[in-house]
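Structure first, then comments.
There are 2 protein chains.
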Amino acid sequence: MTDLKVQHILTLTQLIARGARHNFVPITTSYLGKSIKKSQQSASKHLRELEEDGFIERIMNGRKFSVKITSKGYSEMVKLSSILKSSLNSFPSFVELKGTLVSGMGEGAYYMSLKGYTKQFKSKINYIPFPGTLNVKLHEKEYIEAAQQFRTLNGVTIKGFCDSKRTYGWVKCFKGKLNNSIDCELIILERTHHDDSIIELISKTNIRKTAKLRDNSKLTIRIPIKG
Amino acid sequence: MTDLKVQHILTLTQLIARGARHNFVPITTSYLGKSIKKSQQSASKHLRELEEDGFIERIMNGRKFSVKITSKGYSEMVKLSSILKSSLNSFPSFVELKGTLVSGMGEGAYYMSLKGYTKQFKSKINYIPFPGTLNVKLHEKEYIEAAQQFRTLNGVTIKGFCDSKRTYGWVKCFKGKLNNSIDCELIILERTHHDDSIIELISKTNIRKTAKLRDNSKLTIRIPIKG
DNA sequence: ATTACTAAACATCGAGTAA
DNA sequence: TTTACTCGATGTTTAGTAA
Chain A
2 MTDLKVQHIL TLTQLIARGA RHNFVPITTS YLGKSIKKSQ QSASKHLREL
52 EEDGFIERIM NGRKFSVKIT SKGYSEMVKL SSILKSSLNS FPSFVELKGT
102 LVSGMGEGAY YMSLKGYTKQ FKSKINYIPF PGTLNVKLHE KEYIEAAQQF
152 RTLNGVTIKG FCDSKRTYGW VKCFKGKLNN SIDCELIILE RTHHDDSIIE
202 LISKTNIRKT AKLRDNSKLT IRIPIKG
Chain B
2 MTDLKVQHIL TLTQLIARGA RHNFVPITTS YLGKSIKKSQ QSASKHLREL
52 EEDGFIERIM NGRKFSVKIT SKGYSEMVKL SSILKSSLNS FPSFVELKGT
102 LVSGMGEGAY YMSLKGYTKQ FKSKINYIPF PGTLNVKLHE KEYIEAAQQF
152 RTLNGVTIKG FCDSKRTYGW VKCFKGKLNN SIDCELIILE RTHHDDSIIE
202 LISKTNIRKT AKLRDNSKLT IRIPIKG
């Protein structure tokens with residue numbers, strides 16, 4: 002079976018858009034060339050090749066051609082469209098991060114326990130996190146890079162606030178699963194005190210205890226992505 | 002702005018299918034080559050070009066690469082997919098036939114008045130046609146060809162039957178509009194007594210009279226297509 | 001105006017091969 | 001094993017031009 006050439010995709014798309022699915026539509030090669038951003042000569046060749054491969058039919062009317070797409074040509078385009086569409090929808094919609102547990106300096110724990118934050122946690126993620134964040138060191142570049150994208154993704158946003166002394170930045174939360182079993186949230190801080198290779202997790206309970214983790218324990222965090 | 006090259010479409014599709022939308026996925030050029038039915042060298046070049054144009058990011062891990070699609074690359078694919086999809090759905094879904102009125106030999110009128118047919122007309126197209134079909138001569142090849150496709154399309158099917166003398170073939174009906182105003186049906190006969198350039202129309206009333214048509218009057222018939 | 005040929009430029013591919 | 005270079009073969013585009 003003759004396969005549709007990649008460079009003919011645009012040409013066929015253009016023909017379909019002009020209504021050539023069911024009717025012979027008059028179309029000049031120079032017009033077609035412009036619409037596919039190629040020369041008149043290329044358009045002419047495309048049409049000849051498409052005809053030869055049975056994807057279109059042409060009828061000459063004086064010096065002009067009218068073109069109609071065959072059912073073979075149409076079904077080829079439908080096939081292509083559905084391959085594209087399904088691959089766009091079927092990707093595993095989560096980000097996986099792998100790293101090891103490291104001990105934080107207690108800073109995260111302190112900040113996350115502030116009333117200004119806990120009130121919002123209660124209403125937005127439905128629990129007040131265990132006081133103490135889990136710091137995970139990402140060793141591989143690909144995970145460090147992957148973690149960065151959460152800065153631009155939309156998560157549950159905990160607003161910043163200020164007291165008499167200073168202002169506290171916003172916190173973004175992304176629901177995830179630790180080691181395929183424990184619910185947690187990846188938190189992204191507006192002003193982080195870590196370098197990019199360390200991420201912070203919060204959860205309802207003291208994961209370190211309940212999951213019997215120690216420093217350097219290997220961790221996998223999987224965070225679902227919507228959209 | 003750098004445009005996505007057509008030959009890279011398959012490569013990007015493959016990467017998306019492998020989950021490279023949100024994560025860096027390890028993929029070798031020889032594997033990728035196989036999946037896009039090109040050589041290892043071509044796959045390698047594709048990746049280099051895609052990276053250069055900002056459609057993917059790569060991270061080297063030992064001798065292997067991990068690849069992730071950038072949001073630019075992803076949106077390019079979404080754009081392409083939606084262009085394809087919308088052009089597949091938006092074509093004008095009708096066939097237009099142009100021709101002139103010719104006088105038939107009264108044959109069609111006779112057959113269509115047979116009880117075996119009229120009973121079915123009543124129940125399947127909700128009226129008994131005026132006794133007398135309208136014959137339209139198609140002069141241009143494109144319309145003759147276009148009319149042919151109704152032989153393979155699905156319409157309302159009036160079953161054939163037989164009496165003591167002979168058998169009568171099936172009739173397929175396609176609802177249409179004559180000269181943008183008059184309801185009619187294009188009928189396709191299993192055994193036609195015309196050459197391909199003549200089509201037959203039936204309708205509730207005597208169109209020849211009500212629309213004041215005479216032989217050689219120019220006619221345009223538009224028939225909606227479903228699917 | 002058309003379509004389409006030729007010929008040369010340009011892009012893409014893949015075998016061989018280096019690192 | 002990798003990735004990616006060179007380079008010759010093949011495919012694609014286009015300017016010029018014929019019909």
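Taken in order, these protein sequences are the chains called A and B.
Taken in order, the first sequence gives residues 2 to 228; the numbers are from this note's numbering.
Taken in order, the second sequence gives residues 2 to 228; the numbers are from this note's numbering.
Ideal Cβ positions, reconstructed from N, Cα and C, are used throughout, including at glycine.
Span of the alpha helix (DSSP H) around residue i
{"i": "L5 (chain B)", "result": "Run containing L5 (chain B): none; DSSP gives neither H nor E here."}
{"i": "N136 (chain B)", "result": "N136 (chain B) -> not in any alpha helix (DSSP H); beta strand (DSSP E) instead, spanning 135-139."}
{"i": "I1 (chain B)", "result": "Nothing can be reported for residue 1 (chain B): it is not among the residues displayed for chain B, which extend from 2 to 228."}
{"i": "T158 (chain A)", "result": "Premise fails: T158 (chain A) lies in the beta strand (DSSP E), 157-159, not in any alpha helix (DSSP H)."}
{"i": "F122 (chain B)", "result": "116-125"}
{"i": "I112 (chain A)", "result": "In the sequence under discussion, the amino acid at residue 112 (chain A) is Tyr, which differs from the Ile named in the question. Looking at the DSSP string, the run of the alpha helix (DSSP H) that includes Y112 (chain A) is 108-113."}
Chain B contact residues for residue i, given Cβ-Cβ distances below 7 Å
{"i": "V79 (chain A)", "result": "L89"}
{"i": "I226 (chain A)", "result": "H23"}
{"i": "I84 (chain A)", "result": "T14"}
Run of the beta strand (DSSP E) containing residue i, from where it starts to where it stops
{"i": "R49 (chain B)", "result": "Segment 41-53 is the alpha helix (DSSP H) holding R49 (chain B); no beta strand (DSSP E) there."}
{"i": "S67 (chain B)", "result": "65-70"}
{"i": "F95 (chain B)", "result": "95-103"}
{"i": "G177 (chain A)", "result": "172-179"}
{"i": "K219 (chain B)", "result": "219-225"}
{"i": "T243 (chain B)", "result": "Chain B is shown from 2 up to 228; residue 243 (chain B) falls before or after that span and cannot be answered."}
{"i": "T29 (chain A)", "result": "Note, T29 (chain A): premise wrong, no beta strand (DSSP E); not H, not E."}
{"i": "I208 (chain A)", "result": "First-last for I208 (chain A): 208-211, but that is the alpha helix (DSSP H), not the beta strand (DSSP E)."}
{"i": "N24 (chain A)", "result": "First-last for N24 (chain A): undefined, no H or E at that position."}
{"i": "I200 (chain A)", "result": "199-203"}
{"i": "R59 (chain A)", "result": "57-62"}
Inter-residue spacing [alpha-carbon to alpha-carbon] between residue i and residue j
{"i": "G170 (chain A)", "j": "R19 (chain B)", "result": "37 Å"}
{"i": "P27 (chain B)", "j": "C163 (chain A)", "result": "44 Å"}
{"i": "Q15 (chain B)", "j": "S36 (chain B)", "result": "7 Å"}
{"i": "T3 (chain A)", "j": "G74 (chain A)", "result": "11 Å"}
{"i": "S76 (chain A)", "j": "R209 (chain A)", "result": "56 Å"}
{"i": "L13 (chain B)", "j": "M78 (chain B)", "result": "8 Å"}
{"i": "T168 (chain B)", "j": "E186 (chain B)", "result": "23 Å"}
{"i": "L102 (chain B)", "j": "S114 (chain B)", "result": "21 Å"}
{"i": "V7 (chain A)", "j": "I17 (chain A)", "result": "16 Å"}
{"i": "V172 (chain A)", "j": "K38 (chain A)", "result": "47 Å"}
{"i": "E146 (chain A)", "j": "N155 (chain B)", "result": "54 Å"}
{"i": "T30 (chain B)", "j": "E58 (chain B)", "result": "15 Å"}
{"i": "N136 (chain B)", "j": "G109 (chain B)", "result": "9 Å"}
{"i": "K138 (chain A)", "j": "R215 (chain A)", "result": "13 Å"}
{"i": "G177 (chain A)", "j": "D184 (chain A)", "result": "6 Å"}
{"i": "I60 (chain B)", "j": "F66 (chain B)", "result": "6 Å"}
{"i": "L89 (chain A)", "j": "L85 (chain B)", "result": "13 Å"}
{"i": "N24 (chain B)", "j": "F151 (chain A)", "result": "12 Å"}
{"i": "G34 (chain B)", "j": "S40 (chain A)", "result": "31 Å"}
{"i": "T211 (chain B)", "j": "S82 (chain A)", "result": "47 Å"}
{"i": "C174 (chain A)", "j": "H9 (chain B)", "result": "36 Å"}
{"i": "S45 (chain B)", "j": "I224 (chain A)", "result": "30 Å"}
{"i": "L202 (chain B)", "j": "S43 (chain A)", "result": "42 Å"}
{"i": "A148 (chain B)", "j": "K166 (chain B)", "result": "31 Å"}
{"i": "T193 (chain B)", "j": "Y32 (chain A)", "result": "40 Å"}
{"i": "S204 (chain A)", "j": "L5 (chain B)", "result": "43 Å"}
Under 9 Å by beta carbon: chain B residues contacting residue i
{"i": "K142 (chain A)", "result": "F25, I60, M61, N62, S67"}
Within chain B, partners of residue i - CB distance below 8 Å
{"i": "E97 (chain A)", "result": "N24"}
{"i": "A238 (chain A)", "result": "As shown, chain A starts at 2 and ends at 228. That puts residue 238 (chain A) outside it, with no answer to give."}
7 Å Cβ cut-off: residues of chain A touching residue i
{"i": "I10 (chain B)", "result": "V7"}
Decide if the segment 84-100 of chain A is in contact with the segment 40-52 of chain A; the criterion is three or more beta carbon pairs, one per stretch, under 8 Å apart. no
Near-chain B residues of the segment 12-43 of chain A (beta-carbon distance less than 7 Å), N- to C-terminal order: T14, I17, A18, G20, R22, H23, N24, F25
Members of the segment 54-69 of chain B that neighbour chain A once the beta carbon cut-off is set at 9 Å: E58, I60, M61, N62, S67, K69
Segment contact flag, the segment 64-71 of chain A with the segment 111-120 of chain A, C-beta cutoff 8 Å, min 3 pairs: no
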